[in-house]
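Step one of this worksheet: look at the structure below.
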Amino acid sequence: MFDYKLLSALAAVVEQAGFERAAQVLGLSQSAISQRIKLLEARVGQPVLVRGTPPSPTEIGRRLLNHVQQVRLLERDLQTLVPALDEEGLPERLRIALNADSLATWWAEAVGAFCAEQHLLLDLVVEDQTVGLKRMRAGEVAACVCASERPVAGARSVLLGAMRYRALASPAFIARHFPDGVRAEQLPRTPALVFGPDDFLQHRYLASLGVDGGFEHHLCPSSEGFVRLTEAGFGWGLVPELQVRDQLQRGVLRELLPDKPIDVPLYWHHWRNGGQLLGLLTEQLVRSSPRWLVPWKQP
Numbered sequence: 149m150f151d152y153k154l155l156s157a158l159a160a161v162v163e164q165a166g167f168e169r170a171a172q173v174l175g176l177s178q179s180a181i182s183q184r185i186k187l188l189e190a191r192v193g194q195p196v197l198v199r200g201t202p203p204s205p206t207e208i209g210r211r212l213l214n215h216v217q218q219v220r221l222l223e224r225d226l227q228t229l230v231p232a233l234d235e236e237g238l239p240e241r242l243r244i245a246l247n248a249d250s251l252a253t254w255w256a257e258a259v260g261a262f263c264a265e266q267h268l269l270l271d272l273v274v275e276d277q278t279v280g281l282k283r284m285r286a287g288e289v290a291a292c293v294c295a296s297e298r299p300v301a302g303a304r305s306v307l308l309g310a311m312r313y314r315a316l317a318s319p320a321f322i323a324r325h326f327p328d329g330v331r332a333e334q335l336p337r338t339p340a341l342v343f344g345p346d347d348f349l350q351h352r353y354l355a356s357l358g359v360d361g362g363f364e365h366h367l368c369p370s371s372e373g374f375v376r377l378t379e380a381g382f383g384w385g386l387v388p389e390l391q392v393r394d395q396l397q398r399g400v401l402r403e404l405l406p407d408k409p410i411d412v413p414l415y416w417h418h419w420r421n422g423g424q425l426l427g428l429l430t431e432q433l434v435r436s437s438p439r440w441l442v443p444w445k446q447p
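Be aware that the sequence shown starts at 149, since it is given in the working numbering, and climbs by one per residue.
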């Protein structure tokens with residue numbers, strides 16, 4: 149039988165990105181957390197953590213994390229049927245990987261009321277939509293929103309829709325760099341804005357216009373900052389239409405090539421044995437997401 153106090157210590161260290169914060173969350177000393185991790189490693193016969201900054205799970209550590217997260221969700225179902233089992237009466241907490249643009253636009257409205265009704269707390273891990281699935285594969289989250297359709301082993305994926313992006317810039321930037329009108333072949337030599345090193349949306353957009361290769365760009369790992377820099381004329385960028393409708397209406401931002409958007413599919417991934425709560429959250433997302441996301445058409 150597993151000793152779930154040891155598994156809880158492992159989960160806390162990974163989720164809180166360190167032994168000190170894990171100790172605070174569990175109400176233990178840092179030494180006690182360290183002893184529990186050492187005892188867990190002694191029982192499984194190999195390391196469960198790579199002692200880095202932050203600590204990361206080993207392969208066996210990821211498998212144990214997957215297990216403990218699913219057990220937490222299944223325990224919640226039992227507590228609903230037998231309330232006496234829930235001695236502490238604490239709200240359930242779900243750790244979810246989410247892309248920054250969803251967090252900045254539709255996510256809060258889609259799940260806010262649900263979290264209040266279900267007494268649910270969220271730990272949101274912000275990741276690019278192309279790499280969020282790595283968090284599930286590592287056993288660090290119970291669910292994620294990402295652009296990949298294929299789920300990891302033991303999980304399901306559901307298409308929510310697509311987020312529409314438009315290539316935008318400030319009027320002053322357009323006047324400065326494209327006095328004779330915007331041509332696709334000019335874009336690689338014009339400063340762009342990219343969210344981060346894992347963001348290849350601009351590459352896809354340029355390829356769709358028949359332009360390949362590298363391009364000049366700033367890096368800005370913030371959805372809100374990305375819009376502010378675009379408005380300030382730092383560069384052109386692909387921005388979620390949902391996020392800048394007001395700026396487009398007021399003319400603060402303009403589309404470089406009208407009616408040439410690019411859509412990114414968003415899939416909701418969750419563990420198959422995630423219990424009733426994850427099932428209800430999935431139903432909520434499938435039901436509400438069409439209010440903000442456009443239908444996805446496979447290229």
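Quick reminder that beta carbons are idealized off the backbone N, C-alpha and C, glycines included.
Computed from a predicted structure; not experimentally measured.
Segment limits, alpha helix (DSSP H) that includes residue i
i	result
Pro319	319-325
Arg283	281-285
Leu428	423-436
Leu187	178-192
Secondary structure of residue i, DSSP reduced to three states
i	result
Tyr165	At residue 165 the sequence reads Ala, which differs from the Tyr that was named. Of the three classes helix, strand and coil, the one that applies to Ala165 here is coil, per DSSP.
Glu275	coil
Pro447	coil
Leu357	coil
Glu257	helix
Leu246	strand
Glu240	strand
Leu441	coil
Ala301	coil
Val306	strand
Arg314	strand
Contact check, residue i vs residue j, beta carbons under 8 Å
i	j	result
Arg420	Ala290	no
Leu246	Trp255	yes
Ala317	Leu401	yes
Ala340	Gly383	yes
Val173	Gln164	yes
Ala332	Leu357	yes
Ala252	Glu403	no
Val300	Arg285	yes
Gly287	Arg210	yes
Leu270	Ile244	yes
Leu386	Ile410	yes
Val216	Ala159	yes
Phe363	Pro345	no
Ile208	Gln194	yes
Glu379	Gln395	yes
Asp407	Phe343	no
Glu308	Ser437	Note on residue identity: the sequence assigns Leu, not Glu, to residue 308. Against a cut-off of 8 Å, the Cβ pair of Ser437 and Leu308 comes out as a contact.
Candidates the options: closest to residue i by CA position
i	options	result
Val293	Thr378, Leu433, Trp440, Phe374	Leu433
Ala310	Glu372, Lys282, Ile322, Tyr415	Tyr415
Ser133	Val161, Val392, Glu431	This structure does not reach residue 133, given that the chain is present from 149 up to 447, and the question cannot be answered.
Leu213	Val196, Glu364, Pro202	Val196
Arg314	Ser182, Gln350, Arg199	Gln350
Val274	Val259, Asp249, Leu396	Asp249
Glu240	Arg435, Glu431, Lys282, Leu425	Leu425
Gly427	Phe262, Val375, Ile185, Val198	Phe262
Pro388	Val442, Gly175, Thr206	Val442
Asp347	Val412, Gly200, Thr430	Val412
Gly166	Gly175, Leu155, Ile181, Leu154	Ile181
The beta strand (DSSP E) enclosing residue i, as first and last residue numbers
i	result
Ala291	291-294
Leu341	340-342
Checklist entry - Enumerated in chain order, which unbroken segments of the beta strand (DSSP E) with a length of 3 residues or greater are wholly contained in the region 362-418? => result 365-367, 385-388
Checklist entry - Which full runs of the alpha helix (DSSP H) of 4+ residues lie inside the region 197-226, going along the chain? => result none
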